[in-house]
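Below you'll find the structure, written out as structure tokens, and then a few comments.
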Ligand code: SER
């Protein structure tokens, strides 16, 4: 029986690394990568690749049939900062793509769906410290609104039609292999690149803005772990809180200075400051730890050591 996987949005920050990991685990031929545009030669040559607009149910259905797909990861999305600039486009991409795949799952065109939610579901009226799994959710961004609505659609399709959909509320994801685009937490990736290039870093958030963050390795592990869990372990069908570390721009700069002592940072908060101010500082993810044994491995110190070592070995990335 086929256990083939389709990744929608495989060329995004998380999609690239998720595709590589799943291809390693299951064999490249069993993991179909797709995006609205062509990917890097590395991704397109390593295994099957299809051009798919994630808002087109018809295009998705063709590929589900062509490869006899059983598992779908819907990673295509417009992130918080870009969606504030293009609210209607952000809503359309984030919602139309989700409703399309939920419908295809309901009609049994595949078995299991992963859909990422975000800490952006929380807003200024949610508790900021140890934000609980279940609490007030009044997001202030279009992105957050689309994620709260999406979570409720997932829960609805699970309880009404038995769709096996699983979801995580990612914090800010930090990686060195791939750059993020259009998020409020992107500074925590850019800062490493600028530090290694020997530049002063102009931070678009203020010095003491504390946000929940996670290293890419942990984010990929969590994604695979929740998808490998038995369906009975997944007690929450909206989306699970997930956390690893929380830090401020000042704290990450201090950590980088342990390796690059003359690194310097300046603060020029812009419109993204307001978005960051509406989000939690520390998230309580005890439900994920209890239900499917989630554990993180990277804190700020360990992540910084790993990123700096890797960027020093891969100077071609520092263009
Ligand atoms: N990293 C995302 C963003 O900043 C949060 O989900 O939009």
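Numbering (the numbering used here), first residue to last: 620 to 938.
We treat Cβ as the ideally placed atom computed from N, Cα and C, and that holds for glycine.
Everything numeric in this text was worked out from a predicted model, so none of it was measured.
Pairwise C-alpha distance: residue j and residue i
| i | j | result |
| --- | --- | --- |
| residue 760 | residue 859 | 20 angstroms |
| residue 623 | residue 718 | 21 angstroms |
| residue 660 | residue 745 | 43 angstroms |
| residue 751 | residue 685 | 42 angstroms |
| residue 902 | residue 918 | 15 angstroms |
| residue 828 | residue 666 | 41 angstroms |
| residue 924 | residue 668 | 34 angstroms |
| residue 673 | residue 710 | 13 angstroms |
| residue 769 | residue 779 | 15 angstroms |
| residue 840 | residue 830 | 21 angstroms |
| residue 862 | residue 884 | 26 angstroms |
| residue 804 | residue 937 | 20 angstroms |
| residue 633 | residue 849 | 23 angstroms |
| residue 720 | residue 877 | 46 angstroms |
| residue 626 | residue 639 | 11 angstroms |
| residue 758 | residue 706 | 14 angstroms |
| residue 631 | residue 799 | 7 angstroms |
| residue 892 | residue 865 | 16 angstroms |
| residue 585 | residue 784 | The requested residue 585 does not occur in the structure, where the chain is confined to residues 620 to 938. |
| residue 844 | residue 747 | 27 angstroms |
| residue 818 | residue 905 | 39 angstroms |
| residue 855 | residue 927 | 37 angstroms |
| residue 774 | residue 931 | 44 angstroms |
Bridge partner(s) assigned by DSSP for residue i
| i | result |
| --- | --- |
| residue 860 | 788 |
| residue 736 | 788 |
| residue 833 | 792 |
| residue 820 | 884 |
| residue 902 | 750 |
| residue 690 | 624 and 731 |
| residue 783 | 731 |
beta-carbon residue i near ligand 1 non-hydrogen atom, thresh 7 angstroms
| i | result |
| --- | --- |
| residue 738 | yes |
| residue 791 | yes |
| residue 699 | yes |
| residue 867 | no |
| residue 762 | yes |
| residue 803 | yes |
DSSP three-state assignment for residue i, whether helix, strand or coil
| i | result |
| --- | --- |
| residue 838 | helix |
| residue 652 | strand |
| residue 685 | helix |
| residue 669 | strand |
| residue 851 | helix |
| residue 815 | helix |
| residue 675 | coil |
| residue 716 | helix |
| residue 866 | strand |
| residue 756 | coil |
| residue 706 | helix |
| residue 630 | coil |
| residue 641 | helix |
| residue 574 | The structure shown does not extend to residue 574, since the chain spans only 620 to 938, so no value can be given for it. |
| residue 924 | helix |
| residue 726 | coil |
| residue 701 | helix |
| residue 913 | coil |
| residue 762 | helix |
| residue 918 | coil |
| residue 809 | helix |
| residue 771 | helix |
| residue 743 | coil |
| residue 659 | coil |
| residue 937 | coil |
| residue 711 | helix |
| residue 680 | helix |
| residue 889 | coil |
Contact check, residue i vs residue j, beta carbons under 8 angstroms
| i | j | result |
| --- | --- | --- |
| residue 820 | residue 814 | yes |
| residue 641 | residue 650 | yes |
| residue 628 | residue 695 | yes |
| residue 692 | residue 733 | yes |
| residue 842 | residue 787 | yes |
| residue 806 | residue 875 | no |
| residue 899 | residue 729 | no |
| residue 712 | residue 680 | no |
| residue 825 | residue 808 | no |
| residue 670 | residue 655 | yes |
| residue 725 | residue 767 | no |
| residue 771 | residue 857 | yes |
| residue 635 | residue 797 | yes |
| residue 846 | residue 731 | yes |
beta-carbon residue i near ligand 3 non-hydrogen atom, thresh 7 angstroms
| i | result |
| --- | --- |
| residue 645 | Among the ligands modelled here, namely ligand 1, ligand 3 does not occur. |
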